[in-house]
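Per our numbering, residue 3 is the first one in the sequence shown, and the count goes up by one each step.
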Amino acid sequence: MQKQWQKQLKRALNGQSANQLRQHTDYSESGNDLFHTVITDEITTAVNQAGNPKAIVRQFLPIAAETEISEDYHHDPVGDLDALAQQGIIHKYHGRVLLVVSGSCAVNCRYCFRRHFPYQQHLASRHNWQTVINYLAKHPEVHEVILSGGDPLTLKTDHLQSLTDQLSDLAHIKTLRIHSRMATVLPDRIDADFLAWLDSLPFHKVMVTHINHADELTNQAKNSLKRLKQHQVTLLNQSVLLKQVNDDADVLIELSHALFSQGVLPYYLHLFDRVQNAAHFDVNLSQAQQIYEKMRRHLPGYLLPKLVREESGQMAKTPV
Numbered sequence: 003m004q005k006q007w008q009k010q011l012k013r014a015l016n017g018q019s020a021n022q023l024r025q026h027t028d029y030s031e032s033g034n035d036l037f038h039t040v041i042t043d044e045i046t047t048a049v050n051q052a053g054n055p056k057a058i059v060r061q062f063l064p065i066a067a068e069t070e071i072s073e074d075y076h077h078d079p080v081g082d083l084d085a086l087a088q089q090g091i092i093h094k095y096h097g098r099v100l101l102v103v104s105g106s107c108a109v110n111c112r113y114c115f116r117r118h119f120p121y122q123q124h125l126a127s128r129h130n131w132q133t134v135i136n137y138l139a140k141h142p143e144v145h146e147v148i149l150s151g152g153d154p155l156t157l158k159t160d161h162l163q164s165l166t167d168q169l170s171d172l173a174h175i176k177t178l179r180i181h182s183r184m185a186t187v188l189p190d191r192i193d194a195d196f197l198a199w200l201d202s203l204p205f206h207k208v209m210v211t212h213i214n215h216a217d218e219l220t221n222q223a224k225n226s227l228k229r230l231k232q233h234q235v236t237l238l239n240q241s242v243l244l245k246q247v248n249d250d251a252d253v254l255i256e257l258s259h260a261l262f263s264q265g266v267l268p269y270y271l272h273l274f275d276r277v278q279n280a281a282h283f284d285v286n287l288s289q290a291q292q293i294y295e296k297m298r299r300h301l302p303g304y305l306l307p308k309l310v311r312e313e314s315g316q317m318a319k320t321p322v
């Protein structure tokens, strides 16, 4: 029997929720053909309650600019493919390994740096998790495993359990980090079974949320974040600086305070990864620095995210 969150995910993947939001943007079928529109009912709720609905809609609905080919923008802007150690295993940072465990998301972010990623050829799926375990066993310097995708929480909880049961046999793995938008875009995913799985884990548990605007924090989203905090999950947020979404210091200052009120620490503010077909989101460096300087003047240090960019071939994110 399908869980409620699985039914909602199916609706999102079928594009049923997107139709209600087209009035807020110049929807492009050509853009959708390049990168399928996936959006949840919770995003519709956020848009309907938002002070600036276009800042939410712009993140998820295609416009004609996506059909443009831009010089110096790339299909793999952060060098994921070059950093693949084995199928679905990205090993570019010291002490950490990232697993691409799903090619699906509950929402397709139009600015996604993996919008062109060839998931079918490079997925750490259930069928090759033993290969993942074998790789990690040969790398005792790795202390943290990062679940990514796509969104790893599109996987059923028992599938996640199958992986972590095997990871728990590796004594050198101390931390499990999950990168996911589910807590805010599909809050019902944070259900009792999922929380029980979290409680069973022998690792430090970190979840990195992807929230770009305070209006994304609906009441349901806030409740899901609260549930995660109650189960001893460290919550961090990384945002992307996006033109006509959050390229305003006051918007980002409000976001930092809104996150902290839900127990989430602002972690990173990423410069846009220069992915092809999304150049219209790019904020120039000079403007980004001006925005960040105002944030620095108005926020306490613990609420000031690090301004960074990810550069292909580098061993760490580059501070700006």
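For glycine and all other residues, C-beta sits at the position ideal for the given N, C-alpha and C. Small disclaimer: the values here were computed from a predicted structure and weren't measured.
Supposed contact pair residue j and residue i - C-beta distance, whole angstroms, cut 8 Å
| i | j | result |
| --- | --- | --- |
| Pro204 | Ser170 | 5 Å |
| Glu31 | Ala280 | Contact doesn't hold; Cβ gap of about 17 Å is too wide. |
| Asn130 | Val40 | Rounded, the Cβ-Cβ distance is 25 Å, inconsistent with contact. |
| Asp275 | Phe115 | 4 Å |
| Lys245 | Leu271 | Not a contact, Cβ separation roughly 14 Å. |
| Glu218 | Ala48 | 5 Å |
| Leu200 | Val253 | In fact, because the Cβ distance is near 31 Å, the residues do not count as touching under 8 Å. |
Pairwise C-alpha distance: residue j and residue i
| i | j | result |
| --- | --- | --- |
| Ile175 | Glu146 | 6 Å |
| His38 | Ser106 | 11 Å |
| Arg320 | Ala216 | Per the sequence shown, residue 320 should be read as Thr rather than Arg. If I take the Cα positions, the gap works out to 26 Å. |
| Ile135 | His93 | 14 Å |
| Ser258 | Pro268 | 6 Å |
| Ala318 | Glu312 | 8 Å |
| Thr133 | Asn239 | 30 Å |
| Ser164 | Phe196 | 13 Å |
| Ser226 | Leu188 | 9 Å |
| Asp167 | Leu157 | 15 Å |
| Ala52 | Asp28 | 19 Å |
| Ala85 | Gly97 | 14 Å |
| Leu172 | Lys56 | 46 Å |
| Ser288 | Ala260 | 26 Å |
| Val242 | Met297 | 15 Å |
| Gln291 | Tyr95 | 26 Å |
| Val266 | Leu83 | 31 Å |
| Gly315 | Val277 | 16 Å |
| Gln6 | Ile180 | 21 Å |
| Glu256 | Gln10 | 29 Å |
| Gln4 | Val322 | 45 Å |
| Arg332 | Ser263 | The requested residue 332 is not part of the displayed model; the chain covers only 3 to 322. |
| Leu101 | Met184 | 17 Å |
| Ser202 | Ala139 | 22 Å |
| Gln222 | Asp284 | 30 Å |
| Glu295 | Gln18 | 41 Å |
| Ile58 | Lys224 | 17 Å |
| Lys12 | Asn54 | 27 Å |
| Gln8 | Asn16 | 12 Å |
| Asn50 | Ala108 | 19 Å |
CB of residue i within 9 Å of CB of residue j, strictly
| i | j | result |
| --- | --- | --- |
| Thr46 | Gln61 | no |
| Val80 | Leu149 | no |
| Val208 | Leu162 | no |
| His118 | His77 | yes |
| Ser127 | Leu155 | no |
| Ala66 | Asp43 | no |
| Ala251 | His282 | no |
| Tyr137 | Ala87 | yes |
| Val210 | Val144 | no |
| Thr186 | Thr159 | no |
| Val247 | Leu273 | no |
Cβ neighbour criterion (16 or more within 10 Å) applied to residue i
| i | result |
| --- | --- |
| Gly90 | buried |
| Asp153 | buried |
| His212 | buried |
| Gly151 | buried |
| Leu178 | buried |
| Asp198 | Before going further, note that residue 198 is Ala rather than Asp in the sequence given. Ala198 should be labelled exposed. |
| Gly33 | buried |
| Pro64 | buried |
| Asn286 | exposed |
| Gln25 | exposed |
| Ser214 | It is Asn, not Ser, that sits at residue 214 in the sequence shown. Flag for Asn214 reads buried. |
| Asp35 | exposed |
Open item on the list: For the pair the segment 294-306 and the segment 65-77, tell me if three or more CB-CB distances fall below 8 Å.
Closed with: Segments in contact, no.
- [ ] Specify whether the segment 186-202 and the segment 229-249 touch according to this definition: at least 3 beta carbon pairs, one from each stretch, less than 8 Å apart.
- [x] Taking 8 Å as the limit for Cβ pairs, the verdict is that the segment 229-249 does touch the segment 186-202.
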